[in-house]
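Numbering (the working numbering), first residue to last: 166 to 575.
Please read the structure below before turning to the comments.
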Ligand code: ADP
């Protein structure tokens, strides 16, 4: 008797962490999930949760995990303790979140040696994330050479942008020689959330125009027309666009020349300043929106200003993307801040009634993990909260690509 292998392991390898989830694609249920953090340090930590219909069991272990190769071995060991390891015959494939597909890799792709070579070439476009992504894929291939490894790219959803949206207004030859253009990121989230928003409206995604505001620690906005991305706020790298937890978002590029020439900073120092020490953390010392709200309530002026700058930028993008789309059917908030911070949603939409936008105070403050509409019934534009689920989207895309291709003896 044969049965289909139906499980997909989703791996999200960040610069110093690996997040993972094991899903059964028969019903999209989660069997296990976990996190390896502080990779490369002495106090690395592994948190693993096994999920069964009866409940969940959490385990934690501490101790050094040297690199991403070792991290993945630890993940496999943890999964194996419940018979769910990488060697399990029910495992169909591993789906890897990969930061950058460049212009070459625009669809979920089964990783071959040729794909690995392309990823290596794209490494300079994501110096922080690509080495981790590549190491995760390489190790998974070594551990299970027969298993399809599928790369799902953060840039993929944005490759439908028209050239007038993705091209920077700089010398064309210089730009093309160095692959300089807007790529956009968080694509898996924007794809999932814009599709779920259409479902929430009870309409075909091909008919709806949506502005998605993905507000996590990293943050980005996108304009989605009929299911296709037509503009997004992140650019060559995730630094452009909205004010984020630790990134500046949009600034005059001449700030960087000034920092070099006048402040005497090196390129690496400027990179660190704009990516790690800017945004909310640079403005007020905190990047957690809960803490910022608490400080505002206590009368803290710096926290107030940081919040106001964050909201001002968000409003500018809502306005810009309303103009880009012409007709907006829905504005959708997602990710840690977007899903949880009612004050951010209220402030971002305040005063935008001329654009047809409003939130209903009671609906906005309901706490829920479900997709929900927070605008009044008579609003011209639906404002909604849609929890993102990048792991599910990666698992579904992986399953769509390789599902059914493998069978195992039951
Ligand atoms: P990322 O995936 O980019 O690391 P998340 O989408 O998990 O980020 O978002 C993390 C951020 O969400 C936190 O830094 C915090 O600012 C915000 N956040 C999480 N929970 C809440 C909450 N209950 N209220 C307000 N903000 C929250």
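The C-beta atom is built at its ideal place from N, Cα and C for all residues, glycine as well.
Checklist entry - In three-state DSSP terms, what is residue 200? => result Mapped onto the chain shown, residue 200 falls at position 35. Of the three classes helix, strand and coil, the one that applies to residue 200 here is strand, per DSSP.
Next on the checklist: Which residues end up in the neighbourhood of the ligand GTP when you take C-beta atoms closer than 5 Å to any of its heavy atoms?
Outcome noted: Only the ligand ADP can be found as ligands here, which leaves the ligand GTP out of the picture.
Next on the checklist: Measuring straight from C-alpha to C-alpha, what distance separates residue 146 and residue 195?
Outcome noted: The question about residue 146 has no answer, for the chain in this structure spans 166 to 575.
Checklist entry - Who are the near neighbours of residue 285 in its chain, counting only those whose CB is closer than 8 Å to its CB and skipping five residues on each side? => result Mapped onto the chain shown, residue 285 falls at position 120. Hits under 8 Å: 299.
Next on the checklist: Do residue 546 and residue 516 count as a contact pair if the criterion is CB distance below 8 Å?
Outcome noted: Taking the chain shown and counting its residues from 1, one reaches residue 516 at position 351. Taking the chain shown and counting its residues from 1, one reaches residue 546 at position 381. Cβ distance not < 8 Å, so residue 516 and residue 546 don't count as in contact.
Checklist entry - What residue does the alpha helix (DSSP H) around residue 355 start on, and which one ends it? => result In the chain shown, counting from the first residue as 1, residue 355 sits at position 190. 352 to 365 is the extent of the alpha helix (DSSP H) around residue 355.
Item to check | Candidates 393, 397, 392 and 390, of which the one nearest residue 384 by Cα | outcome: Walking along the chain shown from the start, residue 384 turns up at place 219. Considering only alpha carbons, the answer is 397.
Item to check | Three-state secondary structure assigned by DSSP to residue 562 | outcome: Here residue 562 refers to the residue found at position 397 when the chain shown is read from its first residue. Residue 562 falls in the helix class under three-state DSSP.
Item to check | Beta bridge counterpart(s) of residue 486 as assigned by DSSP | outcome: Taking the first residue of the chain shown as position 1, residue 486 is located at position 321. Residue 486 is not bridged to any residue.
Item to check | Nearest candidate by alpha-carbon position, reference residue 448, set 432, 434 and 466 | outcome: Within the chain shown, the letter at position 283 stands for residue 448. Taking only the C-alpha atoms, the option nearest residue 448 is 466.
Next on the checklist: Let me check understanding here. Comparing Cα to Cα, which of 304, 269 and 274 lies closest to residue 287?
Outcome noted: Stepping through the chain shown from its first residue, residue 287 is reached at position 122. Nearest of 304, 269 and 274 to residue 287, Cα basis: 269.
Checklist entry - So the alpha helix (DSSP H) residue 504 belongs to, where does it begin and stop? => result Numbered from its first residue, the chain shown carries residue 504 at position 339. Taken as a continuous stretch (DSSP letters only), the alpha helix (DSSP H) holding residue 504 covers 500 to 505.
Item to check | Contact belief for residue 340 with residue 333 at Cβ below 8 Å, rounded distance in angstroms | outcome: Taking the chain shown and counting its residues from 1, the one referred to as residue 340 is at position 175. Taking the chain shown and counting its residues from 1, the one referred to as residue 333 is at position 168. That pair is a contact at about 6 Å.
Checklist entry - Can you tell which of 266, 226, 419 and 391 has the C-alpha that lies nearest to the C-alpha of residue 374? => result In the chain shown, the residue the question calls residue 374 occupies position 209. For residue 374, the nearest C-alpha among the options comes from 391.
Checklist entry - Helix, strand or coil: how does DSSP classify residue 425 here? => result By one-based count along the chain shown, residue 425 stands at place 260. Of the three classes helix, strand and coil, the one that applies to residue 425 here is helix, per DSSP.
Next on the checklist: Quick check on DSSP: helix, strand or coil for residue 538?
Outcome noted: On the chain shown, residue 538 is found 373 positions in, with the first residue counted as 1. Looking at residue 538 - three-state DSSP - the assignment turns out to be strand.
Item to check | Residue burial classification, residue 184 (beta-carbon count within 10 angstroms, cutoff 16) | outcome: For this step, residue 184 is matched to residue 19 along the chain shown. It counts as buried.
Checklist entry - With 16 as the cutoff for other CB atoms within 10 Å, does residue 313 come out buried or exposed? => result Your numbering for residue 313 matches position 148 in the chain shown. The residue is buried, with at least 16 neighbouring Cβ atoms inside 10 Å.
Checklist entry - Which partner residues of residue 185 appear in the DSSP bridge assignment? => result Position 20 of the chain shown, counted from the start, is the residue given in the question as residue 185. In the DSSP output, where bridge partners are listed per residue, residue 185 has 176 and 199.
Item to check | Proximity below 8 Å, CB of residue 251 to CB of residue 244 | outcome: Along the chain shown, one-based indexing puts residue 251 at 86. Along the chain shown, one-based indexing puts residue 244 at 79. Going by C-beta atoms, residue 251 is nearer than 8 Å to residue 244.
Checklist entry - DSSP puts residue 318 in a beta bridge; with which residues? => result For the purposes of this step, residue 318 is identified with residue 153 of the chain shown, where counting begins at 1. The partner list for residue 318 (beta bridge, DSSP) reads 263.
Item to check | Under 8 Å between C-beta atoms of residue 476 and residue 468 | outcome: Within the chain shown, residue 476 is the residue found at index 311, counting from 1. Within the chain shown, residue 468 is the residue found at index 303, counting from 1. No, the Cβ-Cβ distance between residue 476 and residue 468 is not below 8 Å.
Next on the checklist: For a minimum of 3 consecutive residues, which ranges assigned as the beta strand (DSSP E) are wholly contained in the region 359 to 419?
Outcome noted: The region 359 to 419 contains these whole beta strand (DSSP E) runs: 374 to 380, 384 to 390 and 393 to 397.
Checklist entry - Are residue 560 and residue 173 touching if we call contact CB-CB under 8 Å? => result Locating residue 560 in the chain shown gives position 395, where the first residue counts as 1. Locating residue 173 in the chain shown gives position 8, where the first residue counts as 1. Cβ distance < 8 Å, so residue 560 and residue 173 count as in contact.
Checklist entry - Whole-angstrom Cβ separation of residue 354 and residue 499, contact assumed at under 8 Å? => result On the chain shown, residue 354 is found 189 positions in, with the first residue counted as 1. On the chain shown, residue 499 is found 334 positions in, with the first residue counted as 1. Confirmed, Cβ separation roughly 6 Å.
Checklist entry - Are residue 209 and residue 557 close, meaning C-beta to C-beta below 8 Å? => result Numbered from its first residue, the chain shown carries residue 209 at position 44. Numbered from its first residue, the chain shown carries residue 557 at position 392. Between residue 209 and residue 557, the CB-CB gap reaches or exceeds 8 Å.
Next on the checklist: The alpha helix (DSSP H) that contains residue 340, what's its start and end?
Outcome noted: To locate residue 340, count along the chain shown from 1; it is residue 175. Taken as a continuous stretch (DSSP letters only), the alpha helix (DSSP H) holding residue 340 covers 337 to 342.
Checklist entry - Taking just the CA atoms, how far does residue 526 sit from residue 301? => result The residue labelled residue 301 in the question sits at position 136 within the chain shown. The residue labelled residue 526 in the question sits at position 361 within the chain shown. Going by the C-alpha atoms only, they are around 44 Å apart.
Item to check | Validate contact between the region 272 to 286 and the region 227 to 237 using beta carbons, cut 8 Å, 3 pairs | outcome: no
Checklist entry - Got a sec? Which residues, its chain only, sit under 7 Å from residue 191 by beta carbon, not counting five neighbours each side? => result Along the chain shown, one-based indexing puts residue 191 at 26. If we look at residue 191 and ignore the five residues flanking it on each side, its Cβ neighbours are 171.
Checklist entry - According to DSSP, what are the bridge partners of residue 288? => result Translated into positions along the chain shown, residue 288 becomes position 123. Residue pairing by DSSP places residue 288 in no beta bridge whatsoever.
Next on the checklist: Tell me the rounded alpha-carbon separation between residue 481 and residue 458.
Outcome noted: Residue numbering aside, residue 481 sits at position 316 when the chain shown is read from its first letter. Residue numbering aside, residue 458 sits at position 293 when the chain shown is read from its first letter. About 22 Å.
Next on the checklist: Please state whether the Cβ-Cβ distance between residue 331 and residue 309 is less than 8 Å.
Outcome noted: What you label residue 331 is simply residue 166 of the chain shown in a count that begins at 1. What you label residue 309 is simply residue 144 of the chain shown in a count that begins at 1. No.
Next on the checklist: Considering just the uninterrupted stretch of the alpha helix (DSSP H) at residue 137, what are its terminal residues?
Outcome noted: Any property of residue 137 remains undetermined from this structure, which presents the chain solely from 166 to 575.
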